[in-house]
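S.K.: Take this structure, written in structure tokens, and hold onto it; I'll ask about it next.
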Amino acid sequence: MTELFRERLAASGDARAELVLLHGWASDSDIWRPLLPALRQQFSVTLVDLPGCGRSPALATANIDTVIDALLAVLPASAVIVGWSLGGMIASELARRYPERVAAVVRVASNTRFVATVDWPHAMPAETFEHFYRDFMATPQKTLRRFKVLQLQGDARARSLRRQMSAEVADAGAQRWGLDCLRELDQRQLVAELTCPVMNIYGDGDALLPVAAAALIPAQRSHCYTGAGHLPFLSQPQRFVDDLQDFVGQVLPECPAVVGERHFEKRDVARSFSRAAQSYDGAAVLQRRVADQLFSWLEQGESRPVERVVDLGCGTGYSLSALRAKYPAAQLCALDLAEGMLNYARRQHGEHCQQWLCGDAEDLPLADASVDVLFSSLSLQWCENLAALFSEIERVLRPGACAYIATLGPQTLYELREAWREVDGYQHVNDFAPREALVAAIAGAGLQPQWRRDTEVLYYPTLVSLTRELKELGVGNVNRDRPQGLSSRRRLQALQEAYEVFRVEGGLPASYQVWYLHLHKPLGEELC
């Protein structure tokens, strides 16, 4: 059977609730992507491209039965299924046929019958639908543009939502099964008989799901979003996330979602490193040393055929030339959270890479099993959601592939941390995860690790020279508990005096606890 594209993103902390997101007709799973940062605070999320959509191939024979079978092969053992429009109808079919696989259903802008009948006038008139069907098969792109307008109709945020919607379909024929489902499925009785909890969410301005129809759909909960059209989850994303979290917490109390506490915001990290792009290379003595050491490990251990290499957290691009020389025939991808760093790297090393991506390591913009070698030097210490981080690394690696990682441990800059503790109670030095947390997350992702530990010490004549270098590197204090405003002259003087306790013959030391990791994804292991 043809396997559908599936992307699973782990939740923060110890969250156990599984969420599956199914898109609507002539769309793909990227429609949900703006919601992922908020959803992943509470749920492990599985995205699926339906047959012939996005990155999923078309099915040789596509109908509701074969689509359900294809979905069963890639979905979690049990999950809350959230379906938008046609996706909501498919979610309901899954719940009826395989109730053990569906913990709850959330139908978003999804009618129980899309085409009107004599006894169900709350839908698209049959003649209009048939005309639309014929037009789409003849002129798909033109007809899809009209459909896009219909989906935005009645939404107060229509103009801003337009950018988030797909404008094209690669193969109109591959979408025929979806239109057939919309024409034929009648779920009025089915939804009433579902044994799992159901929530219905719709917009009061929806031109495709009339309010009168939505009010008649059986559900434990039903929410009408004022000012929303056919895309209520994008029109009012925070309300949608809140309603979803509340619903799951009420109907599945045995699967409480745990929110992992974050000590800093990723946007602050990205902003700090973007500002430092121009000054970074001049100060990155330690960073080059560690990258070279990590690359020497890769040189010793990687001999299998390699088609795609990713430099995760590429920074200013220091390692790209070495990776290109090592893998001259491979596709090389540079990926970084900080757009300023990525743009600088592209200007300096544009000839080495075929792909440049701005993205978060906890939510990689890469397909499943698409990477042969992942290289990451001194960037992943800025990830706090370790379960998501290593789950993502496992997801994108091909079976048998490896990741080579250098990251910092919690003893990094301990001299500076101890000196500040003598001055005040604020947090001035960034905390990094302990080894036990890394070990647990790596094991949970199913990766096989090798570890090396090292301590690098740099020496400075004065405290000012150390803090200036940290600023040039973009290693600012991004902790939520950091003090606000500038430090007073008295406090800085107290810090200098406290740091002098650590002075040795070479100067003031700054220690970095460095962990080198070689992570291997086993051969023959099923993606999960």
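Residues in the sequence shown are numbered from 436 upward in steps of one, following our numbering. Here a beta-carbon is modelled for each residue, glycine too, at the ideal position from N, C-alpha and C.
Can you tell me which of the three DSSP states asparagine 778 falls into?
M.R.: Helix.
S.K.: Going by beta carbon distance, what residues of the same chain come within less than 6 Å of leucine 752, once the five residues before and after it are set aside?
M.R.: In the sequence as displayed, the identity of residue 752 is glycine instead of leucine. Closer than 6 Å at the Cβ level, and outside the excluded window around glycine 752, lie Ala780, Gln783, His784.
S.K.: In terms of residues, what are the limits of the alpha helix (DSSP H) holding methionine 634?
M.R.: Careful: methionine 634 lies outside any alpha helix (DSSP H), inside the beta strand (DSSP E) at 633–638.
S.K.: Check this for me: beta carbons of leucine 587 and leucine 666, under 9 Å apart or not?
M.R.: Yes, Cβ-Cβ distance for leucine 587 and leucine 666 is below 9 Å.
S.K.: With a Cβ-Cβ cutoff of 9 Å, do lysine 549 and arginine 618 count as a contact?
M.R.: Checking the sequence, you will find phenylalanine at residue 549 rather than lysine. Contact flag set, yes.
S.K.: Only counting the same chain, and skipping five residues up and downstream in sequence, which positions put a Cβ closer than 6 Å to that of valine 646?
M.R.: These residues qualify, in order along the chain: Asp639.
S.K.: Could you check what DSSP says for tryptophan 460 in three-state terms: helix, strand or coil?
M.R.: Coil at tryptophan 460, not helix or strand.
S.K.: Which residue from Pro653, Ile503, Ser814, Lys956 puts its Cα closest to that of glycine 835?
M.R.: For the residues Pro653, Ile503, Ser814, Lys956, the minimum Cα distance to glycine 835 belongs to Lys956.
S.K.: What does the alpha-carbon distance come out to for the pair valine 517 and leucine 454?
M.R.: In a straight line, the C-alpha of valine 517 is about 7 Å away from that of leucine 454.
S.K.: Of all the alpha helix (DSSP H) runs that stay within the bounds of the segment 838–924, which reach a length of 4 or more residues?
M.R.: DSSP runs (the alpha helix (DSSP H)) wholly in the segment 838–924: 849–856, 870–880, 898–908.
S.K.: With a CB to CB cut of under 6 Å and the five nearest residues on each side skipped, what residues in its chain are close to cysteine 793?
M.R.: Correct list, in chain order: Glu774, Leu777.
S.K.: Counting C-beta neighbours from all protein chains within 10 Å, is the total for leucine 444 16 or more, i.e. buried, or is it exposed?
M.R.: Label assigned to leucine 444: buried.
S.K.: I think glutamate 829 touches alanine 880, with their Cβ atoms under 8 Å apart; what is that distance to the nearest whole Å?
M.R.: Yes, they are in contact, since the Cβ atoms of glutamate 829 and alanine 880 sit about 4 Å apart, within 8 Å.
S.K.: Which partner residues does glutamate 453 have in the DSSP bridge list?
M.R.: In DSSP, glutamate 453 forms a bridge with Ser479.
S.K.: So, with DSSP's three-state summary, where would you put methionine 600?
M.R.: If DSSP states are grouped into helix, strand and coil, methionine 600 belongs with coil.
S.K.: Is it the case that the Cβ atoms of cysteine 488 and aspartate 463 are separated by a distance below 9 Å?
M.R.: It is a contact, given that the beta carbons lie within the stated cut-off.
S.K.: Where glutamate 932 and threonine 847 are concerned, what is the direct C-alpha to C-alpha distance, given to the nearest angstrom?
M.R.: About 20 Å.
S.K.: Taking glycine 717 as part of the alpha helix (DSSP H), name the residues at either end of that continuous run.
M.R.: Residues 712–718.
S.K.: According to DSSP, is glycine 695 helix, strand or coil?
M.R.: Here the model assigns glycine 695 a pLDDT of 47, short of 50, so the residue's position is not dependable, and the following value carries that caveat. Coil at glycine 695, not helix or strand.
S.K.: So, helix, strand or coil for cysteine 488, using DSSP?
M.R.: Looking at cysteine 488 - three-state DSSP - the assignment turns out to be coil, as it is neither helix nor strand.
S.K.: On a CA-only basis, which of Arg706, Pro492, Trp732, Trp612 is nearest phenylalanine 440? Give me that one, please.
M.R.: Selected option, being the one with the closest Cα: Pro492.
S.K.: Per the DSSP calculation, leucine 767 is bridged to which residue(s)?
M.R.: Its beta-bridge partners are Val744.
S.K.: In chain order, what residues of the same chain have a beta carbon less than 7 Å from the beta carbon of leucine 758, not counting five sequence neighbours either side?
M.R.: Hits under 7 Å: Val744, Asp746, Leu767, Phe810.
S.K.: Give a yes or no on whether the C-beta atoms belonging to valine 509 and threonine 547 are separated by under 9 Å.
M.R.: Cβ atoms of valine 509 and threonine 547: not closer than 9 Å.
S.K.: What residues are listed by DSSP as bridge partners for valine 550?
M.R.: Met559.
S.K.: What are the boundary residues of the alpha helix (DSSP H) that serine 527 is part of?
M.R.: Segment 521–532, the alpha helix (DSSP H) holding serine 527.
S.K.: Between the C-alpha atoms of proline 472 and arginine 856, what's the straight-line distance to the nearest angstrom?
M.R.: Cα to Cα, proline 472 sits roughly 34 Å from arginine 856.
S.K.: For alanine 627, I'd like the list of residues in its chain whose CB is within less than 7 Å of its CB, leaving aside the five on either flank, ordered along the chain.
M.R.: So the qualifying residues of the chain are Pro653.
S.K.: In whole angstroms, what is the alpha-carbon distance linking valine 686 and proline 763?
M.R.: Approximately 54 Å between the Cα atoms of the pair.
S.K.: Which one or two residues does DSSP pair with glutamate 442 in a beta bridge?
M.R.: According to DSSP, glutamate 442 bridges with Leu482.
S.K.: Out of Leu625, Gly613, Pro672, which has the shortest C-alpha to C-alpha gap to leucine 494?
M.R.: That would be Gly613, whose Cα lies nearest to the Cα of leucine 494.
S.K.: Does the Cβ of valine 584 have 16 or more other Cβ atoms within 10 Å, making it buried, or fewer, making it exposed?
M.R.: Exposed: under 16 other Cβ atoms inside 10 Å.
S.K.: If you compare alpha carbons, which of Trp460, Ala802, Gly717 is closest to arginine 903?
M.R.: Nearest of Trp460, Ala802, Gly717 to arginine 903, Cα basis: Gly717.
S.K.: Assuming contact is defined by CB atoms lying nearer than 9 Å, are glycine 748 and alanine 796 in contact in what I supplied?
M.R.: Against a cut-off of 9 Å, the Cβ pair of alanine 796 and glycine 748 comes out as a contact.
S.K.: Considering only residues of the same chain and omitting the five flanking positions on each side of alanine 945, which have a CB-CB separation below 8 Å?
M.R.: Correct list, in chain order: Leu848, Glu850, Leu851, Val892, Leu893, Tyr894, Tyr895, Leu901.
S.K.: I'd like the list of long-range same chain contacts for alanine 592, defined as Cβ closer than 6 Å, with 5 residues on each side in sequence excluded.
M.R.: Contrary to the premise, residue 592 reads as arginine rather than alanine in this sequence. Counting only Cβ-Cβ distances below 6 Å, and skipping sequence neighbours, we find Ser670.
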